[in-house]
Amino acid sequence: MIMNGKKGVILGVANNKSIAYGIAKACAAQGAKIAFTYLNDSLKKRVEPIAAEFDSEDLVYPCDVSNPDEIKALKVSLEKDLGQIDFIVHSIAFAPKEGLSGRFYDITKSAFDVAMDVSVYSLIEVTRELKPLMSENSSILTLTYYGGAKYIPNYNLMGIAKAALEMTTKYLAEDLGKDGIRVNAISAGPIKTLAAAGISDFRFMLKWNEAHSPLKKNVTTDEVGNSGMYLLSDLSSAVTGEIHYVDCGFNVMG
Ligand code: 0WD
Numbered sequence: 001m002i003m004n005g006k007k008g009v010i011l012g013v014a015n016n017k018s019i020a021y022g023i024a025k026a027c028a029a030q031g032a033k034i035a036f037t038y039l040n041d042s043l044k045k046r047v048e049p050i051a052a053e054f055d056s057e058d059l060v061y062p063c064d065v066s067n068p069d070e071i072k073a074l075k076v077s078l079e080k081d082l083g084q085i086d087f088i089v090h091s092i093a094f095a096p097k098e099g100l101s102g103r104f105y106d107i108t109k110s111a112f113d114v115a116m117d118v119s120v121y122s123l124i125e126v127t128r129e130l131k132p133l134m135s136e137n138s139s140i141l142t143l144t145y146y147g148g149a150k151y152i153p154n155y156n157l158m159g160i161a162k163a164a165l166e167m168t169t170k171y172l173a174e175d176l177g178k179d180g181i182r183v184n185a186i187s188a189g190p191i192k193t194l195a196a197a198g199i200s201d202f203r204f205m206l207k208w209n210e211a212h213s214p215l216k217k218n219v220t221t222d223e224v225g226n227s228g229m230y231l232l233s234d235l236s237s238a239v240t241g242e243i244h245y246v247d248c249g250f251n252v253m254g
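First residue of the sequence shown? That's 1 in the UniProt record's numbering, and the numbers climb one at a time after it.
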């Protein structure tokens, strides 16, 4: 049981199709104790039964990452209920629909600001607020996508956000290394989740990846979950600042 004795918080479970759910499943199977957060009351109803699946019904907290007070309140709750933590999963992204199709240069400043705030700055703010709780051998994981490294049709504004998120991962890794905290990102292949439903022609992306990846298949949430568990565990104790592709090899194709 690789995660025995480890405690952490997972932000970004929306339902049992979420990538964060796959990560929770893999960590719980290896003995981790997990706290969960939800964005709003309608997602609370979905997240509570999921937390119960992992014996975490008493560890479910609100946290809209665009509201600094909710992040501060999360810190207080986690300190009271878990004390120290060993890992954080940031599996959150949002861009207004207008930023996920059409001409790229039509992106508005307000859409840009929202996407960067929720999808990028939140990683910095969550890290800073929860850092006092983090043990000196802990791990932070975020989720990115290939559209942050290369052009992907319709990914538009989220591509810009993911590029910034990937660099944020590297700068945080350098800054927190001296405190014994590792920071990594998984670049997952496309998976049909709620967030993915916002991207135009997503079904085409799935078919394209399946046909053109070395493994000739699409990745599953369980597969991303297992790789996430590795990055959160001591098995990856010398890995930080890494953008780890879990995409059936798609990114190596020319
Ligand atoms: O193909 C995919 N699905 C990929 C997703 C490929 C590669 C990366 N990713 C990334 C996403 O960009 C995101 O960063 O993985 C992360 C998780 O996404 P997901 O698992 O695909 O999507 P989902 O199950 O929808 O979880 C994302 C959740 C939100 O769900 P909804 O559908 O309600 O937007 O992020 C949360 C919310 O629960 N979220 C927030 N949480 C706190 N505060 C906020 C917010 N302001 N906004 C969104």
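Think of the CB as a built atom: it goes at the ideal place given N, C-alpha and C, for glycine as much as any other residue.
For V126, the enclosing alpha helix (DSSP H) covers residues S122 to L130.
Runs of alpha helix (DSSP H) with 4 or more residues, each lying fully within the region 64 to 100, are found at 68 to 81, listed in chain order. Between I92 and V60, the C-beta spacing is not below 8 Å. One thing to note: L165 has its Cβ no nearer than 8 Å to the Cβ of T193. If you ignore the 5 residues before and after D117, its C-beta comes within less than 6 Å of the C-beta of S66, all in its own chain and listed in chain order. With a 10 Å radius around the Cβ and a threshold of 16 neighbouring Cβ atoms, H212 comes out exposed. Here G177 has T240 as same chain residues with Cβ atoms under 7 Å from its own Cβ, once five neighbours each way along the sequence are excluded. Collapsing the DSSP output to three states places P62 in a strand.
If you look at R182, you'll find it in the beta strand (DSSP E) that goes I181 to A188. Close CB contacts of I199 within its chain, under the 7 Å cut and outside five residues either way in sequence, are with L100, N154 and Y155 (chain order).
In this model, Y230 and I140 are separated by some 12 Å (Cα to Cα). A heavy atom of ligand 1 is found nearer than 7 Å to the CB of S18. In this structure, DSSP gives F104 a helical state, which the three-state scheme calls helix. Judged by their CB atoms, Y151 and K162 are not nearer to each other than the 8 Å cut-off.
K192 sits in coil when the DSSP states are folded into three classes, being neither helix nor strand. Counting other Cβ atoms within 10 Å of its Cβ, A51 reaches 16 or more and is therefore classed as buried. For Y145, the distance from the CB to the nearest heavy atom of ligand 1 is below 7 Å.
When C-alpha distances from I191 are compared across G5, N4, G8 and Y21, the shortest belongs to Y21. Between I71 and M134, the C-beta spacing is not below 8 Å. The beta carbon of K25 is closer than 6 Å to those of G225 in its chain, skipping five residues each way along the sequence. Taking 8 Å as the cut-off, the beta carbon of N184 is found no closer than this to the beta carbon of H90.
In this structure, the beta-carbon distance from I19 to A188 falls below 8 Å. The Cβ-Cβ distance between G8 and F104 does not fall below 8 Å. Here the distance from the Cβ of V60 to the nearest heavy atom of ligand 1 is not below 7 Å.
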